[in-house]
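Residue numbers (our numbering), protein chains in the order written: chain A, 121 to 216; chain B, 88 to 416.
The C-beta atom is built at its ideal place from N, Cα and C for all residues, glycine as well.
Here the structure is laid out as structure tokens; the discussion comes afterwards.
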Amino acid sequence: MSTAARVRCAPGIVWVKDTGRALLVDGETGRLWALQDADALTWELLSMGYKYTDLVRMLALLLTLSEDETSAVLDDTLARWQAAGIVLAAGDSAHG
Amino acid sequence: MANLSISTICSLNCPYCFTADYLDDVPDGRRFMPLDEFDARLDFLDRSGIDEARLLGGEPTLHPDFPALVARALDRDKRIVVFSNGLMPNASLNSLADAPADRCFVLMNINAPADNGSAVITRQIEALRRLGERAMPGFNIYRPDFDLGFLLDLIEQTDCKPSIRLGIAQPCLSGDNRYIHPKQYRFIGQQIAAFTPIAAARGVTLEFDCGFVRCMFTDQEIQTLHDANANVGWRCNPILDVDVYGQVIQCYPLSRLGSLPLTPDIDAPALRKTFEARTGAYRHAGIYPECAICPFKASGECSGGCLAATIRRFRHSPFELVFRQESAP
Ligand code: SF4
Ligand code: SF4
Numbered sequence: 121m122s123t124a125a126r127v128r129c130a131p132g133i134v135w136v137k138d139t140g141r142a143l144l145v146d147g148e149t150g151r152l153w154a155l156q157d158a159d160a161l162t163w164e165l166l167s168m169g170y171k172y173t174d175l176v177r178m179l180a181l182l183l184t185l186s187e188d189e190t191s192a193v194l195d196d197t198l199a200r201w202q203a204a205g206i207v208l209a210a211g212d213s214a215h216g
Numbered sequence: 088m089a090n091l092s093i094s095t096i097c098s099l100n101c102p103y104c105f106t107a108d109y110l111d112d113v114p115d116g117r118r119f120m121p122l123d124e125f126d127a128r129l130d131f132l133d134r135s136g137i138d139e140a141r142l143l144g145g146e147p148t149l150h151p152d153f154p155a156l157v158a159r160a161l162d163r164d165k166r167i168v169v170f171s172n173g174l175m176p177n178a179s180l181n182s183l184a185d186a187p188a189d190r191c192f193v194l195m196n197i198n199a200p201a202d203n204g205s206a207v208i209t210r211q212i213e214a215l216r217r218l219g220e221r222a223m224p225g226f227n228i229y230r231p232d233f234d235l236g237f238l239l240d241l242i243e244q245t246d247c248k249p250s251i252r253l254g255i256a257q258p259c260l261s262g263d264n265r266y267i268h269p270k271q272y273r274f275i276g277q278q279i280a281a282f283t284p285i286a287a288a289r290g291v292t293l294e295f296d297c298g299f300v301r302c303m304f305t306d307q308e309i310q311t312l313h314d315a316n317a318n319v320g321w322r323c324n325p326i327l328d329v330d331v332y333g334q335v336i337q338c339y340p341l342s343r344l345g346s347l348p349l350t351p352d353i354d355a356p357a358l359r360k361t362f363e364a365r366t367g368a369y370r371h372a373g374i375y376p377e378c379a380i381c382p383f384k385a386s387g388e389c390s391g392g393c394l395a396a397t398i399r400r401f402r403h404s405p406f407e408l409v410f411r412q413e414s415a416p
């Protein structure tokens with residue numbers, strides 16, 4: 121049996137790629153996040169719709185980390201963003 | 088400041104009109120602000136400490152009671168400012184021409200003769216002539232190939248105020264109107280800088296409307312503008328628009344972000360504060376990615392361009408990521 125954790129972009133979040141950052145705004149609450157460096161890169165790649173394994177592979181190359189290290193960083197980033205409300209748990213689990 | 092919209096209809100159909108979204112969304116029915124609601128609008132100006140009644144539309148002078156509105160505003164010690172296309176019914180034109188010159192000002196929006204035809208420009212010239220120093224022409228740049236030379240002749244023919252108010256067409260949030268893309272700004276800036284001394288030589292100064300940005304011009308061009316006494320600014324200060332239904336919009340291009348009702352107690356600062364809370368976060372960005380690191384933005388010298396154009400850069404990315412799979416033992 122396996123459990124898939126899913127996250128999705130929170131519905132009110134809009135964003136723009138600026139020089140040196142990704143700027144995220146919650147259009148409903150007016151909250152703002154300025155993501156930089158690895159966070160900005162991760163967000164950009166996520167917004168392109170990559171799968172987890174591809175995302176890890178690309179980030180590992182770009183951040184010059186191992187895939188295991190990258191995976192840990194990514195999980196931590198997603199947990200932070202979930203706590204901030206930028207991403208939401210998609211709420212479903214797969215059993216098999 | 089606050090603008091009072093008194094008409095939703097217009098006698099022209101300018102392709103860049105920034106009320107496009109608003110007029111698409113507004114319910115059919117009210118073409119004009121009812122006369123008996125005007126006093127409530129003036130009360131709002133009073134409690135907001137605003138001494139100007141800025142009338143716009145659509146074309147405001149088409150309001151059937153326009154002369155009565157002007158008279159009421161003057162009675163309440165307001166200075167009248169009218170944003171018009173110049174195609175005024177006689178009664179409206181007379182009411183403005185008869186108003187005290189120091190309490191009445193008309194910004195007449197004039198398109199290139201090729202856009203509207205000679206009959207329109209003839210009527211605009213007549214209205215400018217009649218209004219004299221009470222009026223000045225405004226010109227909205229909505230395509231890169233524009234020519235301002237005809238306005239110099241028009242000013243000389245009419246003895247209106249020897250200034251040109253330049254606007255740069257900005258997008259509604261839908262982008263359904265014609266507008267200048269920020270990538271074209273530098274080219275526009277060069278042309279304005281080249282025109283400024285020509286205008287100055289004929290005694291005409293330029294004034295900039297909102298939405299111009301500092302990097303449209305080189306330092307040398309800025310000097311040229313200053314030498315010609317051009318009134319330049321790099322600002323986006325939305326002026327509240329009160330519509331014919333008594334709903335307040337932050338600024339017409341932003342109408343899709345919603346409106347607030349003009350209640351009997353609310354004043355302009357409170358409304359502005361509410362709108363700014365909604366849109367303030369977007370102001371951290373600008374019309375270009377480079378605004379994020381621009382010293383002119385950091386110092387507050389340049390706002391980073393039109394807020395509507397900035398918001399149009401933002402997008403929602405509806406990604407979903409399966410990010411961990413844990414196998415049960
Ligand atoms: S959002 Fe700002 S720059 Fe754009 S039209 Fe309104 S006031 Fe002008
Ligand atoms: S803030 Fe943006 S628009 Fe203004 S001068 Fe800087 S780069 Fe140009």
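Taking 7 Å as the cut-off, does the CB of residue i come closer than this to any heavy atom belonging to ligand 2?
i      : result
B:C423 : Summary: the structure shown does not reach residue 423 of chain B, with chain B confined to residues 88 through 416, and so no result is reported for it.
B:W321 : yes
B:K165 : no
B:F383 : yes
B:E308 : no
B:I93  : no
B:C297 : no
B:Y103 : no
B:R301 : yes
B:I374 : yes
Find the nearest neighbour of residue i within the set the options, judged by alpha-carbon distance.
i      : options                        : result
B:A287 : B:V300, B:G367, B:L238, B:H268 : B:L238
A:S167 : A:T173, A:A125, A:C129         : A:C129
B:Q244 : B:I228, B:P340, B:A214         : B:A214
A:L165 : A:L181, A:D146, A:A210, A:S186 : A:L181
B:F304 : B:L347, B:T292, B:V319, B:C297 : B:V319
B:G144 : B:F131, B:L99, B:N177          : B:L99
B:H313 : B:L327, B:R322, B:L293, B:D328 : B:L293
B:G284 : B:N316, B:L260, B:I137         : For the record, residue 284 of chain B in the displayed sequence is Pro; it is not Gly. Checked all of B:N316, B:L260, B:I137; the closest Cα to B:P284 is B:N316.
B:C389 : B:G373, B:F406, B:R402         : B:G373
Ligand 1 heavy atoms versus the CB of residue i: any closer than 7 Å?
i      : result
B:P269 : no
B:P249 : no
B:N100 : no
B:A97  : A small correction: the amino acid at residue 97 of chain B is Cys; Ala does not occupy that position in the sequence shown. Flag unset: Cβ of B:C97 not near ligand 1.
B:F401 : no
B:Q257 : yes
B:V362 : Reading off the sequence, residue 362 of chain B comes out as Phe, not Val. B:F362: no, Cβ never under 7 Å from ligand 1.
B:A395 : yes
B:G225 : no
B:P325 : yes
B:C378 : no
Got a sec? Which residues, its chain only, sit under 7 Å from residue i by beta carbon, not counting five neighbours each side?
i      : result
B:I212 : L241, Q244, T245
A:D142 : It should be noted that the sequence gives Ala, not Asp, for residue 142 of chain A. Within the same chain, A:A142 has close Cβ partners W135, L155, A160, W163, E164.
B:R118 : S94, T95, I96
B:L110 : T95
Does residue i come within less than 8 Å of chain A when only Cβ atoms are used?
i      : result
B:R231 : Just to set this straight, residue 231 of chain B is Pro in the shown sequence, not Arg. No, B:P231 does not count as interfacial toward chain A.
B:E308 : no
B:E407 : yes
B:P376 : yes
B:I255 : no
B:S390 : no
B:Y369 : yes
At the 8 Å Cβ level, is residue i part of the contact set with chain B, yes or no?
i      : result
A:G205 : no
A:R200 : no
A:V136 : yes
A:V127 : yes
A:V145 : yes
A:D174 : no
A:D159 : no
A:L152 : yes
A:T139 : yes
A:S186 : no
A:A142 : no
A:L182 : no
A:D195 : yes
A:I133 : yes
A:A210 : yes
A:L155 : no
In chain order, what residues of the same chain lie with their CB nearer than 6 Å to the CB of residue i, ignoring the 5 residues before and after it?
i      : result
A:D174 : none
B:C378 : K384, G391
B:L431 : Residue 431 of chain B lies beyond the range of chain B shown here (88 to 416); nothing can be said about it.
B:P416 : Caution applies to B:P416, whose pLDDT of 48 falls short of 50 and renders its modelled position unreliable; the model cannot decide the point.
Which residues in the same chain have their Cβ closer than 8 Å to the Cβ of residue i, if we skip the five residues on either side of it in sequence?
i      : result
B:R265 : P102, Y103, Y229, R230, A256
### Complete alpha helix (DSSP H) runs within the region 101-171 of chain B (minimum length 4 residues, chain order)
107-112, 125-134, 153-162
### Query
Mind pulling the beta strand (DSSP E) runs of 3 or more residues that sit fully within the region 166-222 of chain B?
166-171, 191-196
### Message
In chain order, what are the residue ranges of uninterrupted alpha helix (DSSP H) at least 4 long that sit wholly in the region 349-383 of chain B?
### Response
355-366
### Query
Hey, which unbroken runs of the alpha helix (DSSP H) at 4 residues or more fall wholly within the region 249-327 of chain B?
272-288, 306-314
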